[in-house]
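Written below as C-alpha cells is the structure these notes are about.
Residue numbers (the working numbering), protein chains in the order written: chain A, 21 to 258; chain B, 3 to 233.
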C-alpha cells in the first residue's frame, strides 16, 4: 500500500485506466456469454424460451453472472481510484461522485441476486414442484425482469455519478474538457432511465454514447494518463 | 491556516449547510409525494381492485415510484452536505453517519427495484397470466419494499441520531432543535426496531411515531436553508 501511495499522479491514472479496462472486458464478456439478455434492454422472447435457454446453457449463464459480479467489483475499485484522482479538484464533489457510484454498484450487485433465483427455481428443488411448468417459467421471467429493473435503478445512480465526474474532469485542467462534457452528457442519458418511455426510445443512442464516453476516458487514462504537472498544481504540490 | 483560507473554509461549510437544508426538504418532499401517489392508487378493496387501479393509472404509479427513487438519490447529497458541515466537530462520527445514510440510500433503492416488480405483478393481473389472482396476490405479499423500508429506516435513524448529536455539540443550530432531533431519531429507531421484532404495529402508532422526526427534519431543513449555521 505504501508503494501505491508513493506513485505519481500519471502512474495512478494509468492504473485507473487498467482497472477501467478490466471493468470493460468483464462487463462485455459477461454480456456476450450470458444466454439471456439482462442489460438495460431487458430479455427478449417469452417465458418458456428464456427458461429453456437457461437450462440448456446453465454453465454460460453462471459464468455471465460471475463476470457481472467481477465487473461490479472493478467499478467499486474504480470509484475509489477516481476519488483519489479528482480529490484535489474538489474533495467533497469527488466524495459525492464516489458515493453515487458505490450505491449504483451495490444496487447492481443486489440485482445479480435475482439472476441466481432462476437456477434455484429451475433446479428441480422439492418446493418448486408445487408450481406448474408455466408458473415456474413465469417466475423465472419475473426474476430476470427484476434484474433489469435493478439495472435501471443502478443506471440512474451511475448517471448522477457521471454528471459529477464530467464536471470534475471539466474543472480539472489535467484531463481534456471535451471528455468531461461527453461523460456529463452520457450521465444525463442514463438519468432518462427514470422515465422508461424516453430511455426505451433512446436506448441504442444512450448505449453508444455511454460506451464512447467511458471508452474514451478509459483509453486516455490508459495511454496518456494525466498531466502530472497540472495535477500537482491543482493539488498544491511543488 | 491563514485568515483568508479559514474564511473560505467557513464559507464552504455555510454553503454546504444551506445545501443540506435544501436536500432535507427535497428528500422529505420526494419520499412523501412518492408514498402518497403509490398508496392512494393502490388504495384498499383487495388485490384485484388495486391491480385494476394500478393498471388504469400506470404512468402516475410509475411517477410515484420515480419520486421515491429521487428521494433515495437525494439522500446522498444531503448526507454529504451534513458531513461537510459537521466534520470539523468530529470527523470520524460525521463519516460514520455519512456511511449509515449512504447504506440507507442503497437499501431504499433496492426496495424500489422490488416495487417495480410488484408493479409488473399488478399489470400481469390485468391480463391472462400463468398465475391466478390469488397466487399473484401472494407474490405481492413478498413485496421487498415493505421489508426494505423497515431496514432502511433503521440505518436512517442511526445516521440521523449521529448528525443531530453532532449539531447538539455545537451552536450551529439552536440546541432545542438539535436535541429534539436526537430524541425524535431515537424514538423513530425504537419504533422501527419494535416493528421488526413484533411486526404489525398499528398504523396510528406509526403515524404518531413519525411526527417528531418529521418536525425535526422540516425544522432543521428550514433553519439550515434560511438562517444557515452560526459559526
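Backbone N, C-alpha and C define an ideal beta-carbon position, used for all residues, glycine too.
Complete runs of the alpha helix (DSSP H) confined to the region 20-73 of chain B [at least 4 residues]: Restricted to the region 20-73 of chain B, the alpha helix (DSSP H) segments that are unbroken, complete and at least 4 residues in length are 48-58, listed in chain order.
If you follow the alpha helix (DSSP H) that residue 216 of chain A is in, where does it begin and where does it stop? Looking at the DSSP string, the run of the alpha helix (DSSP H) that includes residue 216 of chain A is 216-243.
Within a Cβ cutoff of 8 Å, which residues of the same chain sit near residue 71 of chain A, ignoring the five residues on either side of it in sequence? Non-local beta-carbon contacts of residue 71 of chain A in its own chain, meaning distances under 8 Å to residues more than five positions away in sequence, involve 138, 142, 156, 157, 160 and 161 in chain order.
Can you tell me where the alpha helix (DSSP H) holding residue 144 of chain A begins and where it ends? Counting along the chain, residue 144 of chain A falls outside any alpha helix (DSSP H), and DSSP gives it neither H nor E.
Using a threshold of 7 Å, state whether the C-beta atoms of residue 131 of chain A and residue 170 of chain A are closer than that. yes
Look at residue 118 of chain A and residue 103 of chain A and say whether their C-beta atoms are less than 7 Å apart. yes
When you compare each of B/102, B/24 and B/105 to residue 227 of chain B by their alpha carbons, which one comes out closest? B/24
Which of helix, strand or coil DSSP assigns to residue 113 of chain A: Residue 113 of chain A: helix per DSSP, three-state reduction.
For a minimum of 3 consecutive residues, which ranges assigned as the beta strand (DSSP E) are wholly contained in the region 180-226 of chain B? Counting only runs of 3 or more, we get nothing.
Grouping DSSP H, G and I as helix and E and B as strand, with all else coil, what is residue 92 of chain B? coil
Compute the minimum distance between the beta carbon of residue 74 of chain B and the heavy atoms of the ligand MG, and state whether it is under 6 Å. Judged by which ligands are present, the structure shown has none, so any question about the ligand MG falls away.
Between residue 153 of chain B and the rest of its own chain, which residues show a CB-CB distance below 6 Å, the 5 nearest in sequence each way excluded? 109
Under 8 Å Cβ-Cβ, which residues of chain B neighbour residue 165 of chain A? The contacting residues are 119 and 122.
List the endpoints of the continuous alpha helix (DSSP H) containing residue 158 of chain A. 153-192
What does a CB cutoff of less than 6 Å around residue 175 of chain B pick up in its chain, not counting 5 residues either side in sequence? 169 and 225
What number of angstroms, rounded off, separates the C-alpha of residue 21 of chain A from the C-alpha of residue 153 of chain A? With a pLDDT of only 46 at residue 21 of chain A, under the threshold of 50, the placement of this residue in the model should not be trusted; the figure read from the coordinates follows. Using only the alpha carbons, I get a separation of about 53 Å.
Exposed or buried, which one is residue 116 of chain B when buried takes at least 16 other CB atoms within 10 Å? buried
Less than 8 Å between the CB atoms is what I'm expecting for residue 136 of chain A and residue 85 of chain A, so what's the real figure, rounded? Right, their Cβ atoms sit about 6 Å apart.
Is any beta-carbon of chain A found at less than 7 Å from that of residue 78 of chain B? True, the Cβ-Cβ gap to chain A drops below 7 Å.
Mapping the DSSP letters down to three states, classify residue 174 of chain B as helix, strand or coil. coil
Counting contacts by CB-CB distance shorter than 7 Å, is residue 120 of chain A in contact with chain B? yes
Presumed contact (8 Å Cβ cut-off) between residue 231 of chain B and residue 87 of chain B, rounded CB distance: With a Cβ gap of about 6 Å, residue 231 of chain B and residue 87 of chain B count as contacting.
Residues that residue 214 of chain A contacts on chain B, provided the C-beta gap is smaller than 8 Å: Chain B residues near residue 214 of chain A: 68, 71 and 72.
Mind pulling the chain A residues with CB within less than 9 Å of residue 111 of chain B? 123, 124, 126, 127, 130, 170, 173, 174, 176 and 177
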